[in-house]
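Asker: So that you can map any letter, position 63 of the sequence shown is 62 in numbering that gives the first Met the number 0, and since no number is skipped, the others follow by simple counting.
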Amino acid sequence: MANRDLQLNSGMRCAKYMLIIVSFMFALTAILLIMVGTTIQAIFGDFSIFIDGHFASPPALLIAIGFILIAVATLGAYGAVKESVMVINLYGVCLFLVFILEVSAAIAAFVMQTQVKDMLMRTMYQSLADYESDPYVKSGVDFMQSGLECCGVNKPEDWKDYFSPNKNETLDSDDVVVPNSCCGSLAQDLNDASQVTCLDTFDYGCFRKMNFIISQSAMLIATGATTVAFVQLLGVLCAFMLAKTLRRNKSIREARRWQLQQSLGVLISGGKMAPPQNSAAAGYQQLGNGEQGSHEPYTYTPQSPSVN
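1) With a threshold of 6 Å on Cβ separation, who are the neighbours of residue 60 within its own chain once the five nearest residues in sequence on each side are excluded?
2) In this structure, how does DSSP classify residue 243 when only helix, strand and coil are distinguished?
3) By DSSP's criteria, residue 184 is part of a beta bridge. Which residues make up the other side?
4) Taking Cβ to Cβ, would you say residue 36 is nearer than 8 Å to residue 65?
5) For residue 132, does the three-state DSSP call read helix, strand or coil?
6) Please report the straight-line C-alpha distance between residue 268 and residue 257, rounded to a whole angstrom.
7) Closer than 8 Å is the cut-off here; do at least three beta carbon pairs connect the segment 117-130 with the segment 146-158?
8) Report yes if the C-beta distance between residue 146 and residue 239 is below 8 Å; otherwise report no.
9) Hey, how far is the Cα of residue 130 from the Cα of residue 211?
10) Would you say residue 87 and residue 27 are within 8 Å of each other, going by their C-beta atoms?
11) Comparing alpha-carbon positions, which option in 67, 156, 55, 83 lies nearest residue 107?
12) Taking residue 48 and residue 136 to be in contact with their CB atoms under 8 Å, please state how far apart those CB atoms are, rounded to whole angstroms.
13) One question on the structure: do residue 177 and residue 200 come within less than 8 Å of each other, judged by their Cβ atoms?
14) Which of the three DSSP states is assigned to residue 251 in this structure?
15) Comparing C-alpha positions only, which one of 247, 245, 21 sits nearest to residue 71?
16) Once DSSP output is grouped into helix, strand and coil, what is the label at residue 178?
17) Within this structure, are the beta carbons of residue 25 and residue 234 separated by less than 8 Å?
18) Going by C-alpha to C-alpha distance, which of 220, 247, 89 sits closest to residue 38?
19) Are there 16 or more other CB atoms within 10 angstroms of the CB of residue 226, so buried, or fewer, so exposed?
20) Go ahead and pull the three-state DSSP assignment for residue 46.
21) DSSP three-state call for residue 165: helix, strand or coil?
22) Does the Cβ-Cβ distance between residue 263 and residue 82 come in under 8 Å?
23) Taking the CB atoms as reference points, tell me whether residue 46 and residue 209 lie closer together than 8 Å.
24) For residue 102, collect the residues of the same chain with a Cβ closer than 7 Å to its Cβ; drop the 5 residues on either side in sequence, then sort them by chain order.
25) Among 132, 134, 100, 140, which one has its Cα closest to the Cα of residue 119?
26) Helix, strand or coil for residue 262, going by three-state DSSP, please let me know.
27) So, helix, strand or coil for residue 150, using DSSP?
Here it is as C-alpha coordinates:
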(Lines of atoms letter the chains of each structure in order from A and count residues from 1; the text may use other names and numbers.)
(Lines give C-alpha, C1' and ligand atoms only; values in the text may rest on other atoms or scores of the structure.)
Protein backbone atom coordinates (compact mmCIF):
# COMPACT_ATOMS: atom_id res chain seq x y z
CA MET A 1 0.00 0.00 0.00
CA ALA A 2 2.83 2.38 0.87
CA ASN A 3 4.52 1.79 -2.48
CA ARG A 4 1.27 2.42 -4.34
CA ASP A 5 0.67 5.65 -2.45
CA LEU A 6 4.22 6.73 -3.21
CA GLN A 7 3.73 6.03 -6.92
CA LEU A 8 0.42 7.90 -6.88
CA ASN A 9 1.92 10.97 -5.23
CA SER A 10 4.90 10.85 -7.58
CA GLY A 11 2.56 10.77 -10.59
CA MET A 12 0.63 13.76 -9.27
CA ARG A 13 3.79 15.76 -8.71
CA CYS A 14 5.16 14.83 -12.13
CA ALA A 15 1.95 15.96 -13.87
CA LYS A 16 1.89 19.18 -11.85
CA TYR A 17 5.51 20.13 -12.56
CA MET A 18 5.19 19.21 -16.22
CA LEU A 19 2.23 21.56 -16.64
CA ILE A 20 4.08 24.35 -14.83
CA ILE A 21 7.09 23.94 -17.14
CA VAL A 22 4.86 23.92 -20.24
CA SER A 23 3.10 27.08 -19.05
CA PHE A 24 6.45 28.78 -18.47
CA MET A 25 7.59 27.88 -21.99
CA PHE A 26 4.37 29.31 -23.43
CA ALA A 27 4.94 32.52 -21.47
CA LEU A 28 8.41 32.86 -23.03
CA THR A 29 6.92 32.17 -26.45
CA ALA A 30 4.33 34.88 -25.84
CA ILE A 31 7.07 37.40 -25.05
CA LEU A 32 8.83 36.51 -28.31
CA LEU A 33 5.58 36.96 -30.25
CA ILE A 34 5.08 40.39 -28.70
CA MET A 35 8.64 41.42 -29.59
CA VAL A 36 8.32 40.22 -33.19
CA GLY A 37 4.92 41.85 -33.64
CA THR A 38 6.12 45.14 -32.15
CA THR A 39 9.22 45.22 -34.36
CA ILE A 40 7.28 44.53 -37.56
CA GLN A 41 4.64 47.06 -36.60
CA ALA A 42 7.39 49.67 -36.13
CA ILE A 43 8.82 48.83 -39.58
CA PHE A 44 5.40 49.18 -41.17
CA GLY A 45 4.94 52.47 -39.33
CA ASP A 46 8.17 53.90 -40.76
CA PHE A 47 7.00 53.12 -44.31
CA SER A 48 3.30 53.68 -43.69
CA ILE A 49 2.78 55.83 -46.81
CA PHE A 50 3.78 52.86 -48.97
CA ILE A 51 1.75 50.22 -47.09
CA ASP A 52 -2.00 49.77 -47.15
CA GLY A 53 -3.86 49.96 -43.86
CA HIS A 54 -4.91 46.31 -43.71
CA PHE A 55 -1.24 45.27 -43.68
CA ALA A 56 -1.06 46.44 -40.05
CA SER A 57 -3.56 43.76 -38.94
CA PRO A 58 -1.24 40.67 -38.79
CA PRO A 59 1.44 42.26 -36.54
CA ALA A 60 -1.28 43.74 -34.30
CA LEU A 61 -2.92 40.32 -34.08
CA LEU A 62 0.45 38.78 -33.22
CA ILE A 63 0.90 41.22 -30.33
CA ALA A 64 -2.62 40.51 -29.06
CA ILE A 65 -1.96 36.75 -29.21
CA GLY A 66 1.18 37.27 -27.13
CA PHE A 67 -0.68 39.02 -24.31
CA ILE A 68 -3.52 36.47 -24.41
CA LEU A 69 -1.00 33.64 -24.25
CA ILE A 70 0.63 35.13 -21.14
CA ALA A 71 -2.76 35.15 -19.41
CA VAL A 72 -3.46 31.58 -20.51
CA ALA A 73 -0.04 30.39 -19.30
CA THR A 74 -0.74 31.98 -15.91
CA LEU A 75 -4.05 30.14 -15.79
CA GLY A 76 -2.31 26.84 -16.53
CA ALA A 77 0.28 27.37 -13.81
CA TYR A 78 -2.46 28.24 -11.31
CA GLY A 79 -4.42 25.11 -12.23
CA ALA A 80 -1.32 22.97 -11.79
CA VAL A 81 -0.52 24.40 -8.36
CA LYS A 82 -4.11 23.96 -7.17
CA GLU A 83 -4.43 20.56 -8.89
CA SER A 84 -7.76 21.71 -10.31
CA VAL A 85 -8.97 19.51 -13.16
CA MET A 86 -11.57 22.12 -14.17
CA VAL A 87 -8.98 24.92 -14.45
CA ILE A 88 -6.60 22.70 -16.44
CA ASN A 89 -9.38 21.76 -18.85
CA LEU A 90 -10.22 25.46 -19.22
CA TYR A 91 -6.52 26.04 -19.87
CA GLY A 92 -6.61 23.49 -22.70
CA VAL A 93 -9.69 25.11 -24.25
CA CYS A 94 -8.06 28.55 -24.10
CA LEU A 95 -4.92 27.17 -25.73
CA PHE A 96 -7.04 25.80 -28.55
CA LEU A 97 -8.63 29.23 -29.06
CA VAL A 98 -5.15 30.79 -29.17
CA PHE A 99 -4.21 28.13 -31.73
CA ILE A 100 -7.10 29.29 -33.94
CA LEU A 101 -5.95 32.92 -33.64
CA GLU A 102 -2.40 31.97 -34.60
CA VAL A 103 -3.58 30.06 -37.65
CA SER A 104 -5.62 33.12 -38.65
CA ALA A 105 -2.57 35.37 -38.29
CA ALA A 106 -0.46 32.96 -40.38
CA ILE A 107 -3.06 32.80 -43.16
CA ALA A 108 -3.38 36.60 -43.21
CA ALA A 109 0.41 36.97 -43.42
CA PHE A 110 0.69 34.46 -46.28
CA VAL A 111 -2.03 36.29 -48.21
CA MET A 112 -0.38 39.62 -47.45
CA GLN A 113 2.92 38.39 -48.87
CA THR A 114 1.37 37.73 -52.27
CA GLN A 115 0.07 41.31 -52.40
CA VAL A 116 3.30 43.12 -51.53
CA LYS A 117 4.67 43.58 -55.05
CA ASP A 118 1.56 45.09 -56.63
CA MET A 119 0.93 47.27 -53.59
CA LEU A 120 4.43 48.74 -53.55
CA MET A 121 4.46 49.50 -57.27
CA ARG A 122 1.20 51.40 -56.90
CA THR A 123 1.98 53.29 -53.71
CA MET A 124 5.59 54.19 -54.57
CA TYR A 125 4.74 55.73 -57.94
CA GLN A 126 1.85 57.58 -56.33
CA SER A 127 4.26 58.92 -53.71
CA LEU A 128 6.55 60.28 -56.41
CA ALA A 129 3.58 62.08 -57.96
CA ASP A 130 2.58 63.63 -54.60
CA TYR A 131 6.13 64.38 -53.48
CA GLU A 132 6.03 68.16 -54.00
CA SER A 133 2.39 68.73 -53.07
CA ASP A 134 2.19 66.76 -49.80
CA PRO A 135 4.77 67.43 -47.02
CA TYR A 136 3.89 64.15 -45.28
CA VAL A 137 4.59 62.17 -48.44
CA LYS A 138 7.77 64.17 -49.03
CA SER A 139 9.14 63.29 -45.57
CA GLY A 140 8.25 59.63 -46.09
CA VAL A 141 9.95 59.41 -49.48
CA ASP A 142 13.04 61.23 -48.21
CA PHE A 143 13.23 58.87 -45.23
CA MET A 144 13.01 55.84 -47.52
CA GLN A 145 15.61 57.07 -50.01
CA SER A 146 18.13 58.27 -47.45
CA GLY A 147 17.61 55.33 -45.08
CA LEU A 148 17.73 52.61 -47.72
CA GLU A 149 20.28 54.47 -49.89
CA CYS A 150 18.19 54.26 -53.03
CA CYS A 151 16.57 56.62 -55.51
CA GLY A 152 13.25 56.42 -57.32
CA VAL A 153 11.19 53.28 -57.71
CA ASN A 154 13.20 51.14 -60.10
CA LYS A 155 15.92 53.68 -61.02
CA PRO A 156 16.75 57.36 -60.42
CA GLU A 157 15.35 58.24 -63.87
CA ASP A 158 11.84 57.65 -62.47
CA TRP A 159 11.97 61.20 -61.08
CA LYS A 160 12.10 62.69 -64.57
CA ASP A 161 8.33 62.61 -64.99
CA TYR A 162 7.44 63.58 -61.42
CA PHE A 163 10.01 66.16 -60.16
CA SER A 164 9.35 69.69 -61.44
CA PRO A 165 13.02 70.77 -61.89
CA ASN A 166 13.24 68.19 -64.66
CA LYS A 167 10.83 70.30 -66.71
CA ASN A 168 13.51 72.94 -67.19
CA GLU A 169 14.10 73.22 -70.92
CA THR A 170 17.79 73.94 -70.45
CA LEU A 171 18.45 70.43 -69.24
CA ASP A 172 19.80 67.86 -71.62
CA SER A 173 17.58 64.93 -72.46
CA ASP A 174 19.80 62.58 -70.48
CA ASP A 175 20.01 64.78 -67.38
CA VAL A 176 17.75 64.00 -64.43
CA VAL A 177 17.32 66.17 -61.38
CA VAL A 178 16.59 64.17 -58.20
CA PRO A 179 15.78 65.22 -54.59
CA ASN A 180 18.62 65.68 -52.13
CA SER A 181 17.61 62.47 -50.35
CA CYS A 182 18.88 60.58 -53.41
CA CYS A 183 22.39 61.85 -52.86
CA GLY A 184 25.00 59.97 -50.95
CA SER A 185 27.11 63.09 -50.45
CA LEU A 186 26.26 66.78 -50.84
CA ALA A 187 28.39 69.87 -51.31
CA GLN A 188 27.41 73.52 -50.88
CA ASP A 189 27.44 75.76 -53.90
CA LEU A 190 30.28 78.30 -53.65
CA ASN A 191 28.14 81.03 -55.20
CA ASP A 192 24.97 80.38 -53.18
CA ALA A 193 25.22 78.89 -49.68
CA SER A 194 21.54 77.91 -49.74
CA GLN A 195 22.12 75.66 -52.73
CA VAL A 196 23.75 72.24 -52.55
CA THR A 197 25.21 70.04 -55.21
CA CYS A 198 24.77 66.29 -55.34
CA LEU A 199 28.15 64.69 -55.67
CA ASP A 200 27.11 61.04 -55.61
CA THR A 201 23.63 59.80 -56.53
CA PHE A 202 22.35 56.39 -55.49
CA ASP A 203 22.25 54.16 -58.55
CA TYR A 204 19.47 51.74 -57.61
CA GLY A 205 15.76 52.18 -57.10
CA CYS A 206 13.97 51.57 -53.81
CA PHE A 207 11.49 48.96 -54.95
CA ARG A 208 13.83 46.00 -54.59
CA LYS A 209 14.79 46.84 -51.02
CA MET A 210 11.26 47.76 -49.99
CA ASN A 211 9.90 44.55 -51.47
CA PHE A 212 12.49 42.54 -49.55
CA ILE A 213 11.74 44.27 -46.22
CA ILE A 214 7.96 44.01 -46.43
CA SER A 215 7.96 40.47 -47.86
CA GLN A 216 10.36 39.20 -45.22
CA SER A 217 8.31 40.83 -42.47
CA ALA A 218 5.19 39.10 -43.74
CA MET A 219 7.07 35.81 -44.01
CA LEU A 220 8.35 36.19 -40.45
CA ILE A 221 4.80 36.66 -39.17
CA ALA A 222 3.53 33.68 -41.16
CA THR A 223 6.29 31.25 -40.20
CA GLY A 224 6.39 32.40 -36.58
CA ALA A 225 2.64 32.10 -36.12
CA THR A 226 2.57 28.70 -37.86
CA THR A 227 5.41 27.29 -35.75
CA VAL A 228 3.93 28.51 -32.49
CA ALA A 229 0.50 27.25 -33.56
CA PHE A 230 1.74 23.67 -33.88
CA VAL A 231 3.47 23.98 -30.51
CA GLN A 232 0.17 25.25 -29.10
CA LEU A 233 -1.62 22.23 -30.53
CA LEU A 234 0.79 19.96 -28.70
CA GLY A 235 0.16 22.04 -25.60
CA VAL A 236 -3.58 21.47 -25.94
CA LEU A 237 -3.10 17.71 -26.12
CA CYS A 238 -0.67 17.82 -23.20
CA ALA A 239 -3.09 19.86 -21.08
CA PHE A 240 -5.99 17.46 -21.62
CA MET A 241 -3.76 14.43 -20.95
CA LEU A 242 -2.49 15.99 -17.74
CA ALA A 243 -6.03 16.84 -16.68
CA LYS A 244 -7.02 13.21 -17.28
CA THR A 245 -4.02 12.02 -15.25
CA LEU A 246 -4.86 14.34 -12.37
CA ARG A 247 -8.51 13.28 -12.43
CA ARG A 248 -7.57 9.61 -12.35
CA ASN A 249 -5.00 10.03 -9.60
CA LYS A 250 -7.36 12.09 -7.49
CA SER A 251 -10.10 9.47 -7.97
CA ILE A 252 -7.75 6.69 -6.92
CA ARG A 253 -6.63 8.67 -3.91
CA GLU A 254 -10.21 9.39 -2.83
CA ALA A 255 -11.15 5.73 -3.34
CA ARG A 256 -8.30 4.58 -1.11
CA ARG A 257 -9.23 7.13 1.51
CA TRP A 258 -12.80 5.84 1.47
CA GLN A 259 -11.59 2.24 1.79
CA LEU A 260 -9.46 3.25 4.75
CA GLN A 261 -12.44 4.88 6.41
CA GLN A 262 -14.55 1.81 5.83
CA SER A 263 -11.88 -0.45 7.25
CA LEU A 264 -11.77 1.67 10.40
CA GLY A 265 -15.56 1.76 10.55
CA VAL A 266 -15.68 5.53 10.37
CA LEU A 267 -18.81 7.23 9.08
CA ILE A 268 -19.12 10.87 8.17
CA SER A 269 -22.22 12.40 9.69
CA GLY A 270 -22.98 16.12 9.71
CA GLY A 271 -19.42 16.92 8.78
CA LYS A 272 -18.03 15.31 11.99
CA MET A 273 -16.13 12.07 12.36
CA ALA A 274 -17.73 9.74 14.89
CA PRO A 275 -17.48 5.98 15.47
CA PRO A 276 -20.78 4.19 14.78
CA GLN A 277 -22.65 2.13 17.26
CA ASN A 278 -22.08 -1.65 17.33
CA SER A 279 -18.67 -1.20 15.64
CA ALA A 280 -15.40 -2.84 16.44
CA ALA A 281 -13.82 0.60 16.75
CA ALA A 282 -16.22 1.49 19.57
CA GLY A 283 -15.32 -1.67 21.50
CA TYR A 284 -18.76 -2.24 23.00
CA GLN A 285 -22.37 -3.00 22.08
CA GLN A 286 -25.47 -1.40 23.49
CA LEU A 287 -28.03 -4.01 24.42
CA GLY A 288 -31.76 -3.52 24.33
CA ASN A 289 -33.70 -2.57 27.45
CA GLY A 290 -35.31 -5.19 29.64
CA GLU A 291 -39.05 -5.54 29.90
CA GLN A 292 -41.07 -2.43 29.29
CA GLY A 293 -41.41 -0.39 32.44
CA SER A 294 -38.40 -1.96 34.19
CA HIS A 295 -35.57 0.21 35.39
CA GLU A 296 -32.74 -2.19 34.86
CA PRO A 297 -29.46 -0.51 33.79
CA TYR A 298 -27.93 -0.91 30.36
CA THR A 299 -25.44 -3.72 29.98
CA TYR A 300 -22.42 -3.53 27.66
CA THR A 301 -20.39 -6.44 26.38
CA PRO A 302 -17.03 -5.99 24.68
CA GLN A 303 -16.87 -6.84 20.97
CA SER A 304 -13.16 -7.21 20.59
CA PRO A 305 -11.66 -10.59 21.40
CA SER A 306 -9.93 -10.91 24.72
CA VAL A 307 -6.20 -10.94 24.76
CA ASN A 308 -4.84 -13.98 26.49
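For glycine and all other residues, C-beta sits at the position ideal for the given N, C-alpha and C. Please read all numbers here as calculations on a predicted model, not as lab measurements.
Answerer: To lay it out plainly:
1) 104
2) helix
3) 199
4) yes
5) coil
6) Here the model assigns residue 268 a pLDDT of 48, short of 50, so the residue's position is not dependable and the matter cannot be decided.
7) yes
8) no
9) 23 Å
10) no
11) 55
12) 6 Å
13) yes
14) helix
15) 21
16) coil
17) yes
18) 220
19) exposed
20) coil
21) helix
22) no
23) yes
24) 228
25) 140
26) helix
27) coil
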